[in-house]
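Remarks on the structure that follows.
Protein chains: 2
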Amino acid sequence: MQEAAKIFRALADPTRREILRILKPGALAAGEIAAQFEMSAPSISRHLAILSGAGLVAAERDGNRLLYSLESQPLAETLGDFLSAVCPTQRRRRRSSTKKGKSR
Amino acid sequence: MQEAAKIFRALADPTRREILRILKPGALAAGEIAAQFEMSAPSISRHLAILSGAGLVAAERDGNRLLYSLESQPLAETLGDFLSAVCPTQRRRRRSSTKKGKSR
DNA sequence: TAGCTATTTAGCTAATGTGCTAATCATGCA
DNA sequence: TGCATGATTAGCACATTAGCTAAATAGCTA
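Note that the protein sequences, when read in sequence, are chains A and B. Under our numbering, the first residue of the first sequence carries the number 1092, and numbering increases by one thereafter. Under our numbering, the first residue of the second sequence carries the number 1092, and numbering increases by one thereafter.
Laid out in structure tokens, this is it:
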């Protein structure tokens, strides 16, 4: 499976997207990640394995624990490439105000 | 299901991503789209329904045919928001040269 | 080594996704 | 109306996914 395909597959699940968000500030142990979900640790472990297989997170052992950290580069590159391939070239919005949400 | 979730789900399938790419230059009839795949028309029709349900394409009847066109805005917005939520703020690459692909 | 914690792997089930063919719906035209 | 074309919907089969519990593995420390 192509790298990009793995990444899109990985992003299809909401739990996995949330894991990536949680990892943005910095690395966390598998258990610390699992603690933020109402889901069993083995299930989270599997999600982490899928994210790892897609190259979106990296694992590093820290004694007893496994620290997972975000690998943002392939994510940014894959999504960026896809947007380039699909969306018309356009100026970026100056600011995405959360308050007034442009109706649609 | 949230809009963003629908969009990520829709992007999980390679056929659907390809359909979006094919639609970039302009609208095409369902049959014209199906002709570009080695897959039955009903299968493509279902993919189009999923893309439509995610708001990524719009259908307009043209006599006998149904013309599908790309709706790039929600795509760009959803992926852009996700990148902002996950990736560290970083300067854009100046140029993504296709010829020499930076090894990784 | 034994025992403890952290994490993954195995094995199972239920739900979802994707493809096909056949049938149906929609439109245009003689 | 009757028929042809374009497209979707129905119904089925098969594969994949995502969750769980139980069991196994990895590393630490007494």
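Beta carbons are placed, not taken as given, at the ideal position from N, Cα and C, and that holds for glycine.
Could you tell me which of the options sits nearest to residue i, measuring between CA atoms?
i: Q1127 (chain A); options: A:A1140, A:G1144, A:E1109; result: A:E1109
i: P1179 (chain A); options: B:F1173, B:G1117, B:A1132; result: B:G1117
i: V1177 (chain A); options: B:L1114, B:G1144, B:I1135; result: B:L1114
i: L1142 (chain B); options: B:Q1093, B:R1112, B:R1107; result: B:R1107
i: L1163 (chain A); options: A:S1136, A:R1112, A:A1140, A:D1104; result: Position check: residue 1163 (chain A) holds Ser in this sequence, whereas Leu was assumed. Measuring from the Cα of S1163 (chain A), the nearest candidate turns out to be A:R1112.
i: Q1093 (chain A); options: B:Q1093, B:L1157, B:D1104; result: B:D1104
For residue i, I'd like the list of residues in its chain whose CB is within less than 6 Å of its CB, leaving aside the five on either flank, ordered along the chain.
i: A1145 (chain B); result: K1097, I1098, A1101
i: A1095 (chain B); result: T1169
i: P1165 (chain B); result: G1146
i: S1175 (chain A); result: none
i: S1131 (chain B); result: none
To which residues of the same chain is residue i closer than 8 Å at the C-beta, ignoring the five residues directly before and after it?
i: V1148 (chain A); result: I1110, L1111, L1114, L1139, L1142, Y1159, S1160, L1161, E1162
i: P1133 (chain A); result: none
i: I1135 (chain B); result: T1106, I1110, A1121, I1124, A1125, F1128
Apart from the five residues on each side of it in sequence, which residues of its chain come closer than 7 Å, Cβ to Cβ, to residue i?
i: K1191 (chain A); result: Because the pLDDT at K1191 (chain A) is just 45, under 50, the model does not fix this residue reliably, and the point stays unresolved.
i: L1157 (chain B); result: A1120, A1121, A1150
Query raised in the report: If you pair each beta-carbon of the stretch 1167-1175 of chain B with each one of the stretch 1149-1161 of chain A, do three or more pairs fall below 8 Å?
Result: The stretch 1167-1175 of chain B vs the stretch 1149-1161 of chain A: no contact.
**Report entry** Cβ contact (3+ pairs, closer than 8 Å) linking the stretch 1124-1138 of chain B and the stretch 1117-1135 of chain A
**Finding:** Between the stretch 1124-1138 of chain B and the stretch 1117-1135 of chain A, the count of C-beta pairs closer than 8 Å stays below three; the two stretches do not touch.
Query - Length at least 4, wholly inside the stretch 1130-1175 of chain A: the alpha helix (DSSP H) runs in chain order - result: 1132-1144
**Report entry** chain B contacts made by the stretch 1103-1121 of chain A, where a contact means CB separation under 9 Å
**Finding:** A1103, D1104, P1105, R1108, L1111, R1112, L1114, K1115
Requested in this report: Taking only beta carbons into account, state which residues of the stretch 1155-1171 of chain A come closer than 9 Å to chain B, listed in chain order.
Outcome: L1161, S1163, Q1164, P1165, L1166, A1167, E1168, L1170, G1171
Query - Near-chain A residues of the stretch 1121-1136 of chain B - C-beta to any C-beta below 8 Å - result: none
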